[in-house]
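A short worksheet on the structure shown next.
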C-alpha cells in the first residue's frame, strides 16, 4: 500500500536549536498536513499545505509542500521545552480524504 | 476548526465485552472517520462513517468487529466488539468540515483490555 517515509524517527535536541523533519513518498499527494500529538491527546493540526511549492509558517513552524508533490518538510526554529511531542506528517490524494500518516517523529527538547 | 469531543476518554474493559465510543462535533461536517492508534504507533484508518448508510471499512477491519453508526452530520459511534487485549489502543474520531478540506481529530479514547 501507499506509504509515507517520515524521518528522523526521533530527535533529542537542546532548547534553542532548530529542528527539521521530513516525509517522502513514491506517490503524489494533493495535500500535506503536519500534526503534533502530545501525551494523552489527539493529534492537533499545525500546518496544512495545498499547492506544490507552497511554503507556510505558523509561528516558529515552517512547512513546505515539495515541488514533486512527493515530499514535505517541517522546520521548528528556536525550540522550547513545550515543543516536545510526536510530529506526524500526513498526505491526502486527489478525489478523497483517505489520509495516510507517517510513522511520526518523536521530539525531545532538553532545557 | 470543528470542536470534537469523545466519550469515554478512557476505559478498562474485560475481554469478551464490547465498548461503544461516542464522537460529537459542534458543527455539521462532511466526513467523519474512525482511526486506531496502537501503543507507540502511527494512526490507522478503521473506516469512514457514512451518514444514514453503512460505514466504509478499510482492509483488515470488519463491521462485525467494529460496528459504526452515524445518524446525523454531527454524531457517530464506534463499537469495539468482543474485545481482546490486542484491541488495547487509542481510538480517534476525525472530521473534515463542510467548508474546509482540512482534517481534525478528537482527543481520543484510551482503551485497555484485560
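Residue numbers (our numbering), protein chains in the order written: chain A, 18 to 128; chain B, 17 to 130.
Each residue gets a CB set at the ideal place from its N, CA and C atoms; glycine is no exception.
Exposure of residue i, with buried meaning 16 or more beta-carbon neighbours within 10 Å
i, result
"residue 87 (chain B)", "exposed"
"residue 52 (chain B)", "buried"
"residue 33 (chain B)", "exposed"
"residue 66 (chain A)", "buried"
"residue 59 (chain A)", "buried"
"residue 61 (chain B)", "buried"
"residue 86 (chain A)", "buried"
"residue 39 (chain A)", "buried"
"residue 95 (chain A)", "exposed"
"residue 100 (chain B)", "exposed"
"residue 128 (chain A)", "exposed"
"residue 30 (chain B)", "exposed"
"residue 111 (chain A)", "exposed"
Identity of the residue in the options nearest residue i by Cα
i, options, result
"residue 45 (chain A)", "A:61, A:35, A:25 and A:88", "A:88"
"residue 31 (chain A)", "A:20, A:100, A:83 and A:118", "A:100"
"residue 58 (chain B)", "A:111, A:126, A:106 and A:125", "A:106"
"residue 76 (chain A)", "A:27, A:97 and A:40", "A:97"
"residue 102 (chain B)", "B:127, B:90 and B:79", "B:127"
"residue 93 (chain B)", "B:18, B:75, B:55 and B:124", "B:124"
"residue 83 (chain A)", "A:102, A:53, A:42 and A:63", "A:42"
"residue 63 (chain A)", "A:24, A:37 and A:54", "A:54"
"residue 35 (chain A)", "A:91, A:52, A:110 and A:119", "A:91"
"residue 51 (chain A)", "A:69, A:70 and A:79", "A:79"
"residue 61 (chain A)", "B:55, B:84 and B:17", "B:17"
Stretch-stretch touch, CB-based, cutoff 8 Å, three pairs: the segment 119–130 of chain B with the segment 97–111 of chain B: yes
Interface positions of the segment 65–94 of chain A facing chain B (Cβ-Cβ less than 9 Å), listed along the chain: Here the close residues are 65 and 67.
Every unbroken beta strand (DSSP E) inside the segment 44–111 of chain B [3 residues or more]: 45–53, 60–65, 84–88 and 91–96
Just by C-beta distance, which residues in the segment 47–75 of chain B are closer than 7 Å to chain A? 47, 58, 59 and 61
For the segment 99–124 of chain A, enumerate the residues whose C-beta is nearer than 7 Å to any C-beta of chain B, in chain order. 105, 114, 115, 116, 118, 119, 120 and 121
Are the segment 115–124 of chain A and the segment 27–43 of chain A touching by the rule of at least three beta carbon pairs closer than 8 Å? yes
Beta strand (DSSP E) runs wholly inside the segment 42–99 of chain A, at least 3 long, in chain order: 48–54, 61–66, 72–75, 78–82 and 88–93
Closer than 7 Å, Cβ to Cβ, to anything on chain A: give me those residues from the segment 86–107 of chain B, in chain order. Hits within the stretch: zero.
I want to know whether the segment 74–91 of chain B touches the segment 35–50 of chain B - three or more CB-CB distances under 8 Å. yes
For the segment 34–62 of chain A, which residues have a beta carbon sitting closer than 8 Å to at least one beta carbon of chain B? The segment 34–62 of chain A vs chain B, Cβ under 8 Å: 48, 50, 52, 57, 58, 59, 60, 61 and 62.
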